[in-house]
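To keep things clear, I will list the structure first and then write my remarks on it.
Residue numbers (this note's numbering), protein chains in the order written: chain A, 13 to 440; chain B, 1176 to 1475.
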C-alpha cells in the first residue's frame, strides 16, 4: 500500500510539473518563428482563398517573386464568410500582439479602429518613397487619408459599388427598353413598378449588407455626391428632409425586391438576374465575374450601368495592405507593399481579379471591356466612399446602420424610427 | 502534521492539474469576462489600452436591458426555448410511448428517430435554410413548394422572415434533431420501470389512464426533468443553427448569443461581455436548482 501511495504522489507531482512546463513553453514561442535572417519572409494575411480573388493573389505573388526574389512569400489566407472568418482571426491575433507582417483591409474609415488601437503604422513615407502620391488620383488620396492627414494603407485595387446589372431579355419581355437611360431614381422606380405588376421580381437583393449597399446607392442618387459625402463628416443632416425622401425611395425599392432576400448572399441575388427571374440587381462590379463565368456577354446577355441618378459618380471601395505595428518582418512587409503599389503588381493583380488598378498610369488596353469602362469612369468621375464596404464609416457605425436597416426591411420599425436610428448610428 | 500531509497530499496533487485548469480557464475567465462587462470598453483603442477604460458599474447591463433591440433578442430567446422544449418533449415522449410496447422493427425506428442527432447543426442548417425559403407562390421553393404540390397553398408562409415569430421556424429543425434524443431518454425511463409495478396496478383494478397517471408518470419525472434541463440549456445557448439558417445581421432571428458575436466583431468588448454574463445568469437560473436538487437526493 505504502509503495502504491508513494507512486501516486510521484505521478501527481510529475503531472503538475509537466503542466507548468507546458504552460511556460507555449508562452515563449510567439514571435520567434518568422526568422530575422537577411532574406526574410513575409506573411500576407488575406481572405483571398478562392475564385478570382485567389487568382489575383497568385498573380501578385508572381510579380513579388520577380521584384523581391530574396524574400519568401508566406500565404496567410483565411477562407470563409466573405472575409468575416479572417477578420475574426485577425482581431484575435492583433489583440495578442502576434500580428502578421501585413494584412488585407478595406481602405478608408474601416481602418480607423486599427489606427486608434495603434495596431497599424502610418505609411505616408512609403507613398513618397514609391512615388504613389502622383500615381493615384488626388481624389482617392484624399479619401484614403485619415483625419490627421496620414495614410495607413496602400490600395491594391479599386471596385465600383454603384452599378446596376440588368437582364435585357426580361426587360424586353415586359415592354421595357433595355437601352433606356434614367435621369433619376423616380423614372427608374416607375419602370420597376411596371415590372412588379407584370409579376417579375423587379430588383433582386440579398442579405443585410447587400441591402445596406442598395441603401448607399439610393442615398447617393438622391442626395448627390457632395451631400452624400457630407453624411460621413457631419455636414449633411441625417434627420433632414432630403434624407427622408431618399429613405422613402429606399422603402419603395425594397418593396419591389424578392421575399427571400435575407437568406441570400450576393452571388445568389445576382444569379436571379443571370437566370432571368429578376430584372435588375444593384451590386459592386465584382459581380461581372459571376456573369462572365457563365459565358454571358456584356451588352447582349447583361448590361452594366451606373445606378440611375449616380451617373458621373464613382462609389469606390478598395482592398489595401497595411503595415502592422510590431510586424515580425517589417522589411519583408515593406517589400510587399512596394509590389502592391507598383504598376506591374497592380496590372497583374487586377487583370486576374477583375477589378481596376488604383494607379492612373495603367494601360486600359490590357483589360477587359467592362474594366476599360470602369477605368475611364474612375479617372473622370467624382469619387465618393462606399458605406457598405468600409470606405466611408468605421466598423461600429456600419454595424449600427446594418442593424437599423435589417430592422427596417423586416418591418420592425417605421421610416421615422429608421431615420432616427440611422442618425444615432452615424453619430457613433 | 507530516502524517496529515501524507494523507491529504497525494489526492490533492492528483486533483491539482484539473483544479488549476478549471480555476483558470473556467472561473478565472468568467471573472475576467465579468470585470470587462463593468467597464466602458466599447472601442478597439480601449481594448488595447491606447485610451483609458473606466469602471462604470452596471451601466452596460442597464443600457442593454433598456434597449428595444436587446429586449427583442430576449423575447426571441424565450419564444425559441418554449417551442423547442415543448416540441422535443411532446415528440420524444410520443415516440418513446409508441416504441415502449414491443413492436416489430423497434430497433429500426429507434435508429431512424435518433439519427438526426448525429448531424451537426451547421450541416442541417444549410439544408433547412433551403427548406424554409420564404418565397411564395410562383417563386416558391422548399416547404412552401411542397405545400403547393399537395394543394395546401394556405399553409405557405415566410418562415423565419416573420419579424415576430420568425425564430419559431428555426426551432423546427432543432426539434427535428433532438426529439430522438429525448425519446431515447424516455425509453430508458420506461424500461427502468419494473413490470411488477404495472401488474400490481392492473390487479388493483387501475384503468390504463390511471396506470399512467399514478404509476408510470411519477416514475418518469426524473427523466423528464433531466431532458428539460439538457434541452433547455442547449436552447439558451443556440447560436450555430441560427447562424447557418439566417445571418448574424438579420433582425428577425437575433438572440443574445448572436448579439454577443456582433458586439465582439465591432470591437465592443464591454457589451459583448455583458451579454455573455446575462446568458450565463439565465443558464445558471435553469441549472443551479437542478444541481442542488440532485445533490440533495444523492445525500439522502
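Idealized CB from N, CA, C, for every residue including glycine.
Identify the residues that DSSP records as bridge partners of residue i: which are they?
| i | result |
| --- | --- |
| residue 1310 of chain B | Beta-bridge pairing links residue 1310 of chain B to no other residue. |
| residue 177 of chain A | A:293, A:316 |
| residue 331 of chain A | A:118, A:169 |
| residue 55 of chain A | A:86 |
| residue 220 of chain A | According to DSSP, residue 220 of chain A bridges with nothing at all. |
| residue 132 of chain A | A:336 |
| residue 368 of chain A | A:170 |
| residue 215 of chain A | A:292 |
| residue 525 of chain A | Nothing can be reported for residue 525 of chain A, as the shown portion of chain A is limited to 13 through 440. |
With H, G and I counted as helix, E and B as strand and the rest as coil, what does DSSP make of residue i?
| i | result |
| --- | --- |
| residue 36 of chain A | Unreliable placement is indicated for residue 36 of chain A, whose pLDDT of 42 sits below 50; no coordinate value is reported for it. |
| residue 310 of chain A | strand |
| residue 167 of chain A | strand |
| residue 87 of chain A | strand |
| residue 397 of chain A | strand |
| residue 193 of chain A | coil |
| residue 1500 of chain B | Nothing in the structure corresponds to residue 1500 of chain B, since chain B is present only between 1176 and 1475. |
| residue 9 of chain A | Outside the shown range of chain A, which is 13 to 440, sits residue 9 of chain A, and nothing can be said about it. |
| residue 46 of chain A | The pLDDT assigned to residue 46 of chain A is 40, lower than 50, so where the model puts this residue is not dependable, and the model offers no usable value. |
| residue 416 of chain A | helix |
| residue 1340 of chain B | coil |
| residue 1214 of chain B | strand |
| residue 1331 of chain B | coil |
| residue 1435 of chain B | helix |
| residue 1385 of chain B | helix |
| residue 251 of chain A | coil |
Check whether the Cβ atoms of residue i and residue j sit closer than 7 Å, and answer yes or no.
| i | j | result |
| --- | --- | --- |
| residue 347 of chain A | residue 121 of chain A | no |
| residue 233 of chain A | residue 268 of chain A | no |
| residue 1255 of chain B | residue 1449 of chain B | no |
| residue 72 of chain A | residue 357 of chain A | yes |
| residue 366 of chain A | residue 158 of chain A | no |
| residue 262 of chain A | residue 178 of chain A | no |
| residue 95 of chain A | residue 344 of chain A | no |
| residue 251 of chain A | residue 435 of chain A | yes |
| residue 204 of chain A | residue 188 of chain A | no |
| residue 1217 of chain B | residue 1445 of chain B | yes |
| residue 387 of chain A | residue 328 of chain A | no |
Taking 7 Å as the CB-CB limit, is residue i close to chain A?
| i | result |
| --- | --- |
| residue 1412 of chain B | no |
| residue 1200 of chain B | no |
| residue 1223 of chain B | yes |
| residue 1304 of chain B | yes |
| residue 1279 of chain B | no |
| residue 1422 of chain B | yes |
| residue 1465 of chain B | no |
| residue 1309 of chain B | yes |
| residue 1394 of chain B | no |
| residue 1426 of chain B | yes |
| residue 1342 of chain B | no |
| residue 1336 of chain B | yes |
| residue 1441 of chain B | yes |
| residue 1193 of chain B | no |
| residue 1220 of chain B | yes |
Judging by CA-CA distance, which residue of the options is the nearest neighbour of residue i?
| i | options | result |
| --- | --- | --- |
| residue 132 of chain A | A:165, A:98, A:52, A:191 | A:165 |
| residue 1408 of chain B | B:1421, B:1364, B:1252, B:1319 | B:1252 |
| residue 1367 of chain B | B:1381, B:1397, B:1389, B:1347 | B:1397 |
| residue 101 of chain A | B:1420, B:1439, B:1472, B:1335 | B:1439 |
| residue 1259 of chain B | B:1388, B:1189, B:1347, B:1417 | B:1347 |
| residue 185 of chain A | A:200, A:210, A:199, A:78 | A:210 |
| residue 207 of chain A | A:136, A:359, A:289, A:146 | A:289 |
| residue 127 of chain A | B:1430, B:1406, B:1224, B:1376 | B:1224 |
| residue 212 of chain A | A:275, A:439, A:285, A:87 | A:285 |
| residue 85 of chain A | A:54, A:109, A:69 | A:54 |
| residue 351 of chain A | A:371, A:340, A:338, A:336 | A:371 |
Shorter than 7 Å from the beta carbon of residue i to some beta carbon of chain B?
| i | result |
| --- | --- |
| residue 66 of chain A | no |
| residue 220 of chain A | yes |
| residue 271 of chain A | yes |
| residue 419 of chain A | yes |
| residue 408 of chain A | yes |
| residue 424 of chain A | yes |
| residue 229 of chain A | no |
| residue 33 of chain A | With a pLDDT of 44 at residue 33 of chain A, under the threshold of 50, the predicted position of this residue should be treated as unreliable, though the coordinate-derived value follows. No, residue 33 of chain A does not count as interfacial toward chain B. |
Is residue i close to chain D? Criterion is C-beta to C-beta, closer than 7 Å.
| i | result |
| --- | --- |
| residue 128 of chain A | Within the model displayed, chain D is absent; protein chains A and B are what it includes. |
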